[in-house]
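I have placed the structure first, in the form of structure tokens, so that the comments after it can refer back to it.
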Amino acid sequence: MLWRSVVGKLWLTILLLVLVVLLILTFLLLQFFEQYHISEAEEQLTNHANVMVSILEEQEEETTRPLIERMAASYNTQVLVITEDEPWYPAIDHANNIFLPVERFYEDNRLSGVINEREDVTMHGDFSGSGEENDEIFVVGVPFVSTDGEESSLFLYQSLNVIEDTTGETQQIILLSAGIAIILTTVFTFFLSTRITAPLRKMRQLALDVVKGDFETKVPVISNDEIGQLGNAFNRMRRKLNQNITELNQEKEQLSRILLSMADGVITIDRKGAVVLTNPPADRFLLALEYQNEQEGRTTPLPKEMKKIFQQVVGMEQEQLAEVDVQGRSYAVLMTPLYDETFVRGAVAVIRDMTEERQHDKLRKDFIANVSHELRTPISMLQGYSEAIVDGIASTEEEKKEIGQIIYEESLRMGRLVNELLDLARMEAGYLHLEKEWMDVKTLTDKMEKKFQGLSSEAGLTLESSVKGDEAFIFADADRIEQVLTNLVHNAIRHTESGGSVLLEMTNNQDGLTAAVIDNGTGIPEEDLPFIFERFYKADKARTRSKGGTGLGLAIAKNIVEAHGGYIAAQSRMNEGTTFRFYIPSDYEKNEEQ
110 MLWRSVVGKL WLTILLLVLV VLLILTFLLL QFFEQYHISE AEEQLTNHAN VMVSILEEQE
170 EETTRPLIER MAASYNTQVL VITEDEPWYP AIDHANNIFL PVERFYEDNR LSGVINERED
230 VTMHGDFSGS GEENDEIFVV GVPFVSTDGE ESSLFLYQSL NVIEDTTGET QQIILLSAGI
290 AIILTTVFTF FLSTRITAPL RKMRQLALDV VKGDFETKVP VISNDEIGQL GNAFNRMRRK
350 LNQNITELNQ EKEQLSRILL SMADGVITID RKGAVVLTNP PADRFLLALE YQNEQEGRTT
410 PLPKEMKKIF QQVVGMEQEQ LAEVDVQGRS YAVLMTPLYD ETFVRGAVAV IRDMTEERQH
470 DKLRKDFIAN VSHELRTPIS MLQGYSEAIV DGIASTEEEK KEIGQIIYEE SLRMGRLVNE
530 LLDLARMEAG YLHLEKEWMD VKTLTDKMEK KFQGLSSEAG LTLESSVKGD EAFIFADADR
590 IEQVLTNLVH NAIRHTESGG SVLLEMTNNQ DGLTAAVIDN GTGIPEEDLP FIFERFYKAD
650 KARTRSKGGT GLGLAIAKNI VEAHGGYIAA QSRMNEGTTF RFYIPSDYEK NEEQ
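Numbering (the numbering used here), first residue to last: 110 to 703.
What follows is the structure in structure tokens.
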């Protein structure tokens, strides 16, 4: 509504202020002019009475009566002359038609003072005794001495209606002027308030636009007064606010990008333990915790594992480092308090997946233990049988020959282990040199079948091979590819029970060579599949060792295949069989040269 706006309030305030001032001024002016007219009438009537008295004092009564009558008529008044003989009224008939009986002048204490005490009297009132306001009369009484020495009195009076008529006209003029002043004030005030508040309304609209995110529009400045200065200040504030918000958005975007690109998880927690900010790795960590704790959604602000660390951080006001195991993976959690000056307002946690590091530590320890164990066995046997020969326990040539054969086999085994370790070290260091040539896939397949035919027959297995594809040759290192196939086929035979089968399947196309070794043996446990290509990793260490394995063959095979630019993978189900498959691209050499 109008009176709720700045325009209405300003207009109404100025209008009320002017109205009050005009009312007070009108009242004072009316009082002033009323008193002024009464004073003027009193002075005028007194002057007229004095003129008449001076005439009566200088001339005879008979000669002055006509003159007095004409003067009273011209003055629009009534006159009464009281002498010692008798009072007389001039024969006057005018608009006022006022007539007071002579007795009233004797009876009234105020008027009788002129006759009895010879005092001048000037007063007004209701001398008729009617009690009505319209019957008020203005009377001037003057004592005088006639030419014949008689003490006489002259009373000149007239109705106050004449004065009131004059006052009424003045009042109308004053009220009309006040009304015009109010109208002009209303128009001027509305115009002025509109001019003043127009920039304010514009600023209000722009402020609402700023709230909505529009920082481009600026306030038009058309004056240099306070409103113009306010407009300039608003424009400067808008530009500064736009700059600050832009910088904040850039920092927020930068922080968001950093958090999204981080490999570590980041969780920001407030004072109450509620999660405020997370990045994708942290989300995955929290989801894994919720699944492990059998929670559907975040029923608590923090999982119990994280809540315990958070309570320690807030209580001790020190960073805490802890390790949390979730779904078989190991996470390191570093939580640090966040301060608001000196008050801890929350905490930030950095979460790193340490599973691979822990696995590498374990593999390193296992590697040392496995190398020591693998070398200790043949060394112990060499030492033991050598002592038997030195001590003369083996007395016959046959016993010496048998002991020598065992020593020879164990030395071969130890040499094979050392050579495999050296090959693997060179491969992992990037020193593997490939002697590539055009290799006949069918010839290699037949060679592998003949090589393991005797071993498979001894194990009671069926060994088969097949060659598919529209290409006969592949550009690769034949010896290394044979080494890979030897390892895979040998493993398949060792881990397949009697009556089983092993299939070597070779597929050579324009894209490259795909080799698969398929058996229906005991299989590999699911939890061991991700680690079978690691050094010395054995799914069943006792069984593998009993069958002569060192745990290095698959690691060597992986490095050879990857050196050709390919990949190797394994699929297995327990008690159903295992499939090892590797791929060698045909154009890897060309891409490598480019």
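All residues carry an ideal CB built from backbone N, CA and C; glycine is no exception.
Since the structure is predicted, the reported quantities are computational estimates derived from the model, not experimental observations.
Assignment of residue 604 by DSSP, reduced to helix, strand and coil, places it in the coil class.
Going by beta carbons, residue 426 and residue 446 fall inside the 8 Å limit. Residues of the same chain with a CB within less than 8 Å of the CB of residue 173, apart from the 5 flanking positions on each side, are 164 and 165 in chain order.
For the stretch 501-582, the full-length alpha helix (DSSP H) segments reaching 4 residues or more read 506-537, 550-560 and 562-567 along the chain.
Counted as a single uninterrupted DSSP element, the stretch harbouring residue 633 is not any alpha helix (DSSP H), since DSSP gives it neither H nor E. DSSP places residue 160 within a helical segment (H, G or I) once states are collapsed to three. For residue 575, same chain residues with a beta-carbon under 6 Å away, outside a window of 5 residues either side, are 614 in chain order. Here residue 247 is buried, its C-beta having at least 16 other C-beta atoms within 10 Å. Here residue 602 is not near residue 612, since their CB atoms are 8 Å or more apart.
Taking the CA atoms as reference points, residue 147 sits about 12 Å from residue 268. The beta-carbon separation of residue 162 and residue 251, rounded to 5 Å, stays under the 8 Å limit for a contact.
Contact between residue 586 and residue 543 holds: CB atoms are separated by about 4 Å, below the 8 Å threshold. Apart from sequence neighbours up to five positions away, no residue of its chain approaches residue 502 with a beta-carbon distance below 6 Å.
DSSP places residue 269 outside any alpha helix (DSSP H), giving it a letter other than H or E. Residues 632 of the same chain have their beta carbon placed closer than 7 Å to that of residue 682, with the five preceding and five following residues left out of the count. Excluding five sequence positions before and after residue 254, the CB atoms of its chain that fall closer than 8 Å to its own CB belong to 166, 260 and 261, given in chain order. Residue 469 sits exposed, since fewer than 16 C-beta atoms from the chains shown fall within 10 Å of its C-beta. Taking the CA atoms as reference points, residue 138 sits about 20 Å from residue 294. Residue environment analysis places residue 489 among the exposed positions, since fewer than 16 neighbouring C-beta atoms fall within 10 angstroms of its C-beta. Annotation for residue 415: the continuous alpha helix (DSSP H) segment containing it runs 413-425. Between residue 303 and residue 124, the C-beta spacing is not below 8 Å. Judged by DSSP in its simplified three-state form, residue 193 adopts coil rather than helix or strand. Setting aside the 5 residues that flank it on each side, residue 450 has no residue in the same chain whose C-beta is closer than 8 Å to its C-beta. Annotated three-state conformation of residue 695 is coil, per DSSP. For residue 342, the enclosing alpha helix (DSSP H) has its first and last residue at 335-370. A direct Cα-to-Cα measurement between residue 466 and residue 581 gives close to 44 Å. In this chain, residue 250 is not harboured by any alpha helix (DSSP H); it is covered by the beta strand (DSSP E) spanning 246-254. Beta-bridge partners assigned by DSSP to residue 496: none are found.
For residue 308, the closest of 281, 322, 337 and 387 by C-alpha to C-alpha distance is 337. Partner residues in the beta bridge of residue 676, as assigned by DSSP, are 692. Distance from residue 399 to residue 412 at the Cβ level is roughly 7 Å; contact confirmed, criterion being Cβ atoms closer than 8 Å.
The alpha-carbon of residue 462 is positioned some 7 Å away from that of residue 441. In the DSSP secondary-structure assignment, residue 584 is bridged to 547. The straight-line gap separating the alpha-carbon atoms of residue 498 and residue 562 is approximately 37 Å.
The beta carbon of residue 221 lies closer than 7 Å to those of 214 and 215 in the same chain, with the five residues before and after it left out. Taking a cut-off of 8 Å on C-beta distances, the stretch 340-348 touches the stretch 324-332, as three or more cross pairs fall below it.
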